[in-house]
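Report on one structure; see the data block that follows.
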Amino acid sequence: MCSLVSLAGSGLAAPQPAIAQKVLIPRLTHPPALEDFLSMAPGTTTASQMVKITGFIQRNPHDGDPASKRTEAYLGYDEKNLYAVFVCFDDPAKVRARMSRREDIFDDDTVEIMLDTFHDRRRAYAFQTTPLGVQWDAIWTETPHEDNTGSTANFDPSFDTVWDSKGKLTSQGYVVWMAIPFKSLRFSPARQQSWGIILYRGILRENEDDFWPGISRSVEGRLAQAATASGLEGISPGRHMQFIPYGVLRSFRALDTRDPATPRFDHRDAELRGGIDSKFVIHDNLVLDVTANPDFSQVESDEPQITVNQRFEVFFPERRPFFLENSDFFKTPIDLFFTRRIGDPQFGARLTGKVGPYSLGILATDDRGPGNRVPDNDPLSGNRSTFTIARVNRDIRGQSSIGAIYTDWEFPAADAFNRVGGIDSRLKFNPNWTGNFQAVTSSTRNLDASHQGGPAYKAEATYSSTHLNYDANYNDISPGFTTSAGFVNRVDIREVGNTLDYRFWPESSPVLSWGPTLFTDNVWAHGGTRLDALYTPILAFQLKGRTYFNFSPYTDFRERLRPMDFPALGQDQDYHEHNHVISLGTSYLPKATVQAYYQWGTGVNFVPPATQPPALASEDLANLLLSFRPISALKIDNSYLFDRLRDLNSGAAIFNNHIVRSKWNWQFSRQLSLRLILQYTATLANPALTSLESTKQFNGDFLITYLVHPGTALYVGYNSDLQNLALDPVAGTITRTRNGYINDSRQFFVKVSYLFRF
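If you're matching positions, the sequence shown starts at 1055 in the working numbering and goes up one per residue.
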């Protein structure tokens, strides 16, 4: 039986606990402080006015059991902020708490508040901190999105806003204080608010996730299980405006290879540029973002990936802030808006928000990239393309929705365009079953004046429960379908995939969960030719300390290549590949995290010498990550990726690919940090067996950051790159060398930005 929480009486009387699924949040006369709770109980009149919440329930490892450690949360608000205080009881010597840069929190214990401000059970703000108050914020959406690397996620951590947090260890655990400005949220203009709310505590060493109210694994999603928060009256996000002007001073020297016949160095001793990001809130829940001359010099380089011998384009996620913010408004089952297609924008505008049951997203930007990537004497030099994206989504019964999207890429100088439009839906049939569907079509005029077009479809059904999880998906991409704004790296396919896993959750065992997973994937061309058939069984174990072990005893992959894919083939050719995989990882030790992946078996050499067809080869793949903290403020991440292909008959190496990366981050305070990244990448190729060149590259990246809060920051950085190249200035040629190197690019920059918020 649900009931509202009664407010505590005056004075220092103990706050009454919240009962079941509703909580009445009181209005406070004064802001609470962290120090009010350091005795692990409310210590002032203001603190005692806050509503107290207890009764946290495990989701992991033992779904439905009471939390192993006592947690008390306190909520209140005033005209400007929502306040949350977490009092977490534990042995302070066992609490994971280190000084880290903002959003690098997942090696520590954490607490979190999620706010579904429109109470539509589809989208929520998430604010999470460590015991020392290090922040992480994100947007949660009930529909997980695949990022084309095969992984899915509900959290979108690209959301960054201004809020305050503090944390401190005590003799009985730790206390965390949060103040979330209503200016940093969007919600309806109603005088009386009703929000969904979820509170969370994570205990890393136990692999424990505790929630209030209980969020069971037996129900798909979280927001349908959220509590209802009432009592919020007379608050408004305000029709505020914010401006973030920036200035960058840089010097650089870079090898310009746009014209391969005349490579040359371009350099500037000093270049000053500036720009501005602006935000305008319209009618409380619509946000207009406008950017002019955005700069992304402080953005970290991509995480290393194996890119050699890949048959299809490799996905690298977006890292630029303007394109990351509110990107969830544009997501659909088929990835039709991949913002890395926008290479060099000068102006951009984005409108996002929610009006009644409708979620809206419109983005327009230019791109100087097409005109910058060609030689100066090319007719297209200096010309730019434009991108326009429009997305609308309507809520329908329960947590279901139906939507539409339109994307338009135009390159007027070449009379080229790509236009894609279609509809999609998400249907929640019951607490366990959900479905997604999308149908789109494209029309394209290519740079060579040819035309093409065609439809694409995607359908997916997902079942989620405590023990059994199942996902079935169907992709149908026609031969003529293209998306210049999206990421679809394979066309002319009909694909059926299935993933089935079952998990056992033993009681009183060092193994928290274990069970089998079966993954199958079958692909046909539209003409009926079977192209791929993949079958992978996996046995997975999870233990305390975020420790896991996965083993795939045998992966069977049958692949058919055609002369249209590889002209050296005289006819369709079948390749039968088999592999074995072991992966493991642990954060059991407080100062170290280890992850390892090893795959051995066979693979296809997709890059043989020019006149030879692809051939089956022996392949070894390895990935090793070692992250450790010699002291609280220093984190060192080391990774090594290795891919080796060998001839099946002779055992001779076809190529060896090595990527070694070391990233050091010193966090002197929550605001000041220093980051150093060193990376070595090498492909050592055998010219008798592959068309690959032997390449070697050293890259260094140094960055000092003083981040007051998102928008107000100072960056000082330097990066430099060396490659095994030789430039002949007389002959105007550039060639690969065996051991010689040139500094093909280097840059020093200072960037300052400041947030003005009205």
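The beta carbon of each residue, even a glycine, is placed where N, CA and C say it ideally should be. Here the structure is a predicted model, which is why all the values come from computation and not from measurement.
Taking a contact to require three or more Cβ pairs closer than 8 Å, the region 1489-1508 and the region 1467-1481 qualify as touching.
Ala1101: not part of any beta strand (DSSP E); member of the alpha helix (DSSP H) spanning 1099-1103, first to last residue. Beta-bridge annotation (DSSP): Lys1220 is paired with Trp1231.
Boundaries of the alpha helix (DSSP H) harbouring Leu1378: 1375-1378, taken from the DSSP string.
Taking 8 Å as the cut-off, the Cβ atoms of Leu1809 and Thr1744 do not count as close. Across the structure, Ala1736 and Ser1748 are spaced so that their CA atoms are roughly 7 Å apart.
Of the candidates Arg1614, Ser1727, Leu1554, Thr1571, the residue whose Cα lies closest to the Cα of Ala1579 is Arg1614.
Taking the Cα of Ala1138 as reference, the smallest distance to any Cα among Ile1251, Pro1564, Arg1365 is reached at Ile1251. Ser1248 sits close to Ser1284, with the two beta carbons spaced by under 8 Å. Contact between Phe1660 and Asn1363 holds, since their C-beta atoms are separated by about 5 Å, short of 8 Å. Under the three-state reduction of DSSP, Pro1466 is assigned to helix. In this chain, the alpha helix (DSSP H) harbouring Pro1424 covers 1423-1426. Between Ala1151 and Thr1184, the C-beta gap is smaller than 8 Å, which places the two residues in contact.
Counting C-beta atoms within 10 angstroms of its own C-beta, Ser1381 has 16 or more neighbours from the protein chains shown and is therefore classed as buried.
With respect to Thr1537, Thr1590 sits apart: the two C-beta atoms are not nearer than 8 Å. The three-state reading of DSSP puts Arg1792 in coil, since its state is none of H, G, I, E or B.
In the displayed model, Leu1702 falls within coil according to three-state DSSP, outside both helix and strand.
Between Val1230 and Ser1219, the C-beta gap is smaller than 8 Å, which places the two residues in contact.
When C-alpha distances from Leu1342 are compared across Lys1333, Phe1350, Pro1348, the shortest belongs to Lys1333. Cβ-Cβ distances below 6 Å link Phe1236 to Ile1289, Pro1291 in the same chain, with the five nearest sequence neighbours on each side left out; the list follows chain order.
With fewer than 16 other CB atoms across the displayed protein chains lying within 10 angstroms of its CB, Thr1789 is exposed.
By the Cβ test, the region 1595-1606 is in contact with the region 1635-1651, since at least three Cβ pairs between them sit closer than 8 Å. For Phe1441, the enclosing beta strand (DSSP E) covers residues 1439-1450. If you draw a straight line from the Cα of His1294 to the Cα of His1337, it is about 10 Å long. Listed as beta-bridge partners of Lys1512 by DSSP are Gln1492, Asn1529. Across the structure, Arg1584 and Gln1649 are spaced so that their CA atoms are roughly 36 Å apart.
Scanning the region 1162-1213 from its first residue to its last, the whole beta strand (DSSP E) runs of 3-plus residues come out as 1164-1170, 1177-1183, 1189-1200, 1206-1210. The distance from the Cβ of Phe1306 to that of Arg1800 is about 7 Å, consistent with a contact at the 8 Å cut-off. The region 1650-1670 makes no contact with the region 1682-1692: fewer than 3 CB pairs, one atom from each, lie closer than 8 Å.
Ranked by how close their Cα comes to the Cα of Arg1304, the residues Val1804, Arg1811, Ser1681 have Val1804 in first place. DSSP, read as helix, strand or coil, puts Asp1119 in coil.
In the structure shown, Lys1237 falls within a helical segment according to DSSP collapsed to helix, strand and coil. When DSSP states are grouped into helix, strand and coil, Arg1307 belongs to the strand group. Within the same chain, Cβ atoms closer than 8 Å to the Cβ of Asn1778 are found at Ser1748, Thr1749, Lys1750, Gln1751, Arg1790, Thr1791, Arg1792, Asn1793, Gly1794, Tyr1795, the five residues on either side in sequence being excluded. Taking the CA atoms as reference points, Thr1488 sits about 45 Å from Leu1768. For Asn1633, the enclosing beta strand (DSSP E) stretches over residues 1627-1640.
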